[in-house]
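The structure under discussion appears below in the form of structure tokens.
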Amino acid sequence: MKKKAQIRYTVSFLILAVLLLLLFIWNINAGSVHLSVKEIFDIIVKKTGEQTAYNIVWQIRLPRILAAILLGGALSVSGFLLQTFFGNPIAGPFVLGISSGAKLVVSLVMIFLLSKGIASSSAVMILAAFAGAMISMGFILLVSRKVKRMSMLVICGVMIGYICSAITDFVVTFADDSNIVNLHNWSMGSFSGTSWGNVQVCTVVVLISLVLAFLMSKPISAYQLGENYAQNMGVNIKAFRVSLILLSSILSATVTAFAGPISFVGIAVPHLIKSLMKTAKPILVIPGCFLGGAVFCLFCDLIARTVFAPTELSISSVTAVFGAPIVIYMMVRKQR
Amino acid sequence: MSEYFVYTDKMTVGYNGVPLIKDIEIRLKKGEILTLIGPNGAGKSTILKSITRQLSLIAGTVYIDQKSIKEMTEKDTAKKMAVVLTERIRPELMTCEDVVNTGRYPYTGRLGILSEEDHQKVREAMKLVHASELADCDFSAISDGQRQRVLLARAICQEPEIIILDEPTSFLDIRHKLELLTILKDMVSKKNVAVIMSLHELDLAQKISDQVICVHGSAIERYGEPEDIFTSEYIKKLYGVTKGSYNADFGCLELEPPSGTPEVFVIAGNGSGIPVFRKLQRKGIPFAAGVLHENDVDCQVAKALAAEVVTEKAFCEISTEAYEKARKIMNSCKKVICCVQEYGPMNERNRLLEKEARENGNCV
């Protein structure tokens with residue numbers, strides 16, 4: 001049995017790694033200019049090749065792919081942390097309105113800065129998104145004190161999400177600037193137009209948060225038995241809850257700051273990973289979620305930009321198409 | 001106070017700063033079991049939660065191993081104290097072994113990875129509660145009885161010096177109740193740990209506890225050895241029993257007897273009357289019983305169920321006084337039931353009662 005489980009974990013990680021590699025290559029390859037695997041290899045590893053292709057790969061596709069990997073991973077880890085916190089498998093940054101809160105504050109800050117003629121930097125965007133995420137989170141925490149039923153909590157989250165989206169739409173519609181087109185694209189959710197600068201900031205923020213989340217594996221797994229047992233196992237509950245909230249908010253805020261709100265990844269991926277590995281042990285599930293989220297977002301981004309090329313779909317519509325059925329399936333199965 | 005492993009000094013517990021029970025003084029040594037009894041909502045769980053630090057104390061101090069729990073870190077407490085709680089947990093995708101493994105967390109490193117020694121201790125704990133075969137089962141798929149055993153194993157492998165259990169036997173059937181408490185008792189003597197728990201089963205509390213605390217009202221009403229606590233009158237008072245009664249010697253509950261003047265007279269003795277008493281009680285027919293010796297089991301039950309009981313001192317022949325009293329009651333009843341088959345010198349006069357009833361023709 002122990003052996004079997006270990007083989008399962010190893011195989012799961014291998015599958016995820018292989019998928020990630022395949023999608024990575026496919027993503028570089030696909031698009032208006034097709035590149036062979038050999039060309040890709042030359043361009044990335046040897047840094048040689050035809051100038052246009054070289055630029056496409058290095059300036060457009062690679063940063064976008066890296067963003068999809070990092071942000072997709074961040075989103076699903078954030079989802080996993082929230083699910084642990086609320087003890088609810090359908091909690092996630094999107095359904096709880098945290099992404100939308102972040103979106104609202106980011107658009108407000110962007111419009112304000114644009115009207116002053118200042119371009120907003122990555123750090124400002126993350127801070128704004130984090131502030132927004134924390135505001136939504138605050139509301140959700142207040143609500144969670146009052147309502148014990150988890151379905152009610154999710155409904156409240158969805159409502160908060162709608163309110164934030166409505167205000168964002170309102171603000172975007174009446175803001176008078178040509179740059180608003182960008183803002184509009186961003187508010188729908190997209191990995192396009194990611195710069196190397198964005199990727200650098202993302203990498204730092206996401207990787208640090210991930211390592212911290214991973215280091216919290218032990219208290220998280222104690223917390224899976226409930227708050228009281230966790231406390232008895234030596235977990236400082238207050239500190240733990242605060243760090244969990246902060247980490248999940250930073251992760252989802254980073255995603256929103258760079259790619260806008262992306263739906264369902266935070267719920268669907270942790271569920272898929274847990275079913276694949278047949279365990280909920282955070283020490284395995286956290287890295288698993290990161291890889292899974294990366295694979296899921298790479299796949300969805302590939303579809304978003306190639307299926308109706310040259311028109312691009314918003315990433316959120318694609319993740320919804322694949323993620324929502326999984327979430328519905330989970331809820332139906334949970335009812336039984 | 002150094003001889004006690006757990007002691008409290010004017011411990012006052014409650015919720016949100018409002019005191020519920022004041023000045024609790026617990027004195028417990030290792031290897032002893034302290035049981036909290038009392039009516040629903042009296043505050044047994046509140047006391048337990050305050051000791052486990054789920055609730056903060058309103059006043060006073062709890063000392064474990066000479067240290068105030070307020071001054072201990074979470075990690076210190078985790079190595080001293082383990083809990084089995086009433087709340088039902090539904091962990092996702094965890095096997096029973098995974099659940100027991102969590103008991104070792106206070107001893108593991110940053111990432112909570114168990115060493116071979118830890119695994120050994122987990123296996124030992126599971127063996128102790130007879131749950132080894134459950135190791136690979138999904139925790140949410142096992143029965144309540146098994147679940148409680150697994151949670152006890154979790155507590156055991158935490159290697160605590162004190163275990164706190166909140167109503168560990170609720171939801172369990174009698175077999176599992178007995179099993180769980182036997183395991184607990186064994187463990188207390190083998191590992192020399194202290195146990196504080198709350199129980200609803202008075203009969204079991206009476207048998208397993210070294211000390212009993214009765215929680216009632218705003219204070220500890222009584223605190224002592226089970227022999228002093230478990231008297232029928234006191235238990236009736238503690239729980240505010242108004243219908244029926246509790247027999248502390250047998251640990252059994254009796255329903256309210258039918259009221260009214262006796263319609264049936266039961267001649268009983270030597271345990272032969274009990275089924276008849278119960279039947280009459282069920283049918284709601286008031287009855288009288290006699291003449292019963294005070295050391296007869298029939299006498300105990302009759303006292304709880306009969307409208308009137310004529311008794312005689314133990315080991316004595318039935319006196320004329322008792323005989324006449326029984327006769328008088330018997331002759332006022334419509335029917336007489338005689339359960340006694342054999343007569344000896346002590347209950348000779350019951351034979352006379354039977355004879356008289358047969359002559360009257362109302363003996364069934």
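Quick note, the sequences are listed as chains A and B, same order.
UniProt numbering puts the first residue of the first sequence at 1, with every later residue one more than the last.
UniProt numbering puts the first residue of the second sequence at 1, with every later residue one more than the last.
For glycine and all other residues, C-beta sits at the position ideal for the given N, C-alpha and C.
Just so we're clear, the structure is a prediction, and the values are computed from it rather than from any experiment.
Contact under 8 Å by Cβ, residue i with residue j
| i | j | result |
| --- | --- | --- |
| Gln-148 (chain B) | Pro-168 (chain B) | yes |
| Ala-82 (chain B) | Ala-155 (chain B) | yes |
| Gln-83 (chain A) | Ala-91 (chain A) | yes |
| Ile-235 (chain B) | Leu-181 (chain B) | no |
| Ser-243 (chain A) | Phe-130 (chain A) | no |
| Gly-38 (chain B) | Val-215 (chain B) | yes |
| Leu-284 (chain A) | Val-99 (chain B) | no |
| Leu-36 (chain B) | Lys-44 (chain B) | yes |
| Leu-93 (chain B) | Ala-280 (chain A) | yes |
| Leu-298 (chain A) | Gly-72 (chain A) | yes |
| Gly-323 (chain A) | Ile-286 (chain A) | no |
| Val-295 (chain A) | Leu-62 (chain A) | no |
| Ala-314 (chain B) | Ala-289 (chain B) | no |
| Leu-153 (chain A) | Val-147 (chain A) | yes |
| Lys-274 (chain A) | Tyr-105 (chain B) | no |
| Ala-194 (chain B) | Leu-28 (chain B) | yes |
Close beta carbons around residue i, own chain, < 7 Å, minus the five adjacent residues each side
| i | result |
| --- | --- |
| Arg-53 (chain B) | Ile-69 and Thr-77 |
| Lys-22 (chain B) | Thr-12, Ser-218 and Ala-219 |
| Pro-261 (chain A) | Phe-94, Ser-99, Ser-100, Lys-103, Gly-189 and Ser-316 |
| Thr-168 (chain A) | Lys-103, Leu-104, Ser-107 and Ser-187 |
| Val-199 (chain A) | Pro-63, Leu-66 and Ala-67 |
| Phe-171 (chain B) | Asp-144 |
Sequence-distant residues of its chain with Cβ nearer than 8 Å to residue i (five each side left out)
| i | result |
| --- | --- |
| Gly-284 (chain B) | Pro-258 |
| Glu-25 (chain B) | Tyr-7, Thr-8, Asp-9, Lys-10, Met-11, Ile-220 and Tyr-223 |
| Thr-46 (chain B) | Val-13, Gly-14, Tyr-15, Leu-20, Ile-21 and Leu-55 |
| Ser-132 (chain B) | Arg-123 and Met-126 |
| Ile-28 (chain A) | Leu-35, Ile-40, Ile-44, Val-57, Arg-61, Leu-62 and Ile-65 |
8 Å Cβ cutoff, residue i in contact with chain A
| i | result |
| --- | --- |
| Ile-89 (chain B) | yes |
| Leu-36 (chain B) | no |
| Thr-102 (chain B) | yes |
| Leu-93 (chain B) | yes |
| Arg-110 (chain B) | yes |
| Leu-114 (chain B) | no |
| Val-83 (chain B) | yes |
| Pro-106 (chain B) | yes |
| Val-99 (chain B) | yes |
Min CB distance residue i to chain B below 8 Å
| i | result |
| --- | --- |
| Ser-217 (chain A) | yes |
| Gly-234 (chain A) | yes |
| Gln-224 (chain A) | yes |
| Gln-231 (chain A) | yes |
| Ser-12 (chain A) | no |
| Ser-221 (chain A) | yes |
| Asn-55 (chain A) | no |
| Asn-228 (chain A) | yes |
Contacts around residue i, its chain only, beta-carbon distance under 6 Å, and the 5 residues preceding and following it disregarded
| i | result |
| --- | --- |
| Ser-140 (chain B) | Arg-90 |
| Glu-256 (chain B) | Lys-243 and Gly-244 |
| Val-297 (chain B) | Gly-271 |
Contact with chain E by residue i, beta-carbon distance below 8 Å
| i | result |
| --- | --- |
| Ser-151 (chain A) | Although the question refers to chain E, the structure presented lacks it and instead comprises the protein chains A and B. |
Proximity test, residue i beta-carbon vs the ligand ATP heavy atom, cut-off 7 Å
| i | result |
| --- | --- |
| Gly-240 (chain B) | The ligand ATP is not part of the structure shown, which contains no ligands of any sort. |
Supposed close pair residue i, residue j - CB separation, criterion 8 Å
| i | j | result |
| --- | --- | --- |
| Phe-277 (chain B) | Leu-238 (chain B) | Actually they are not in contact, since the Cβ atoms of Phe-277 (chain B) and Leu-238 (chain B) sit about 26 Å apart, beyond 8 Å. |
| Pro-226 (chain B) | Gly-260 (chain B) | Their Cβ separation, rounded to whole angstroms, is 36 Å, which puts Pro-226 (chain B) and Gly-260 (chain B) out of contact at 8 Å. |
| His-271 (chain A) | Ile-237 (chain A) | So it is not a contact: roughly 26 Å between Cβ atoms. |
| Ala-67 (chain A) | Phe-258 (chain A) | 6 Å |
| Glu-32 (chain B) | Asp-210 (chain B) | 4 Å |
| Arg-327 (chain B) | Glu-356 (chain B) | 7 Å |
| Ala-222 (chain A) | Ala-230 (chain A) | 4 Å |
**Item:** Selection of the stretch 46–79 of chain B by Cβ proximity to chain A, strictly under 9 Å
**Value:** Of all residues in the stretch 46–79 of chain B, the ones placed with a Cβ closer than 9 Å to any Cβ belonging to chain A are Lys-49, Thr-52, Arg-53, Gln-54, Thr-73, Glu-74, Lys-75, Asp-76, Thr-77, Ala-78 and Lys-79, in chain order.
**Item:** Near-chain B residues of the stretch 262–294 of chain A - C-beta to any C-beta below 7 Å
**Value:** Against chain B - using a Cβ distance shorter than 7 Å - the residues of the stretch 262–294 of chain A are Lys-274, Lys-278, Thr-279, Ala-280 and Ile-283.
**Request:** Identify each residue in the stretch 16–29 of chain A for which the Cβ-Cβ distance to at least one residue of chain B is less than 8 Å, and report them in chain order.
**Result:** The stretch 16–29 of chain A vs chain B, Cβ under 8 Å: nothing.
**Request:** Would you list, in chain order, the members of the stretch 63–94 of chain A that have their beta-carbon closer than 8 Å to a beta-carbon of chain B?
**Result:** Closer than 8 Å at the C-beta level to chain B, one finds these residues of the stretch 63–94 of chain A: Pro-89.
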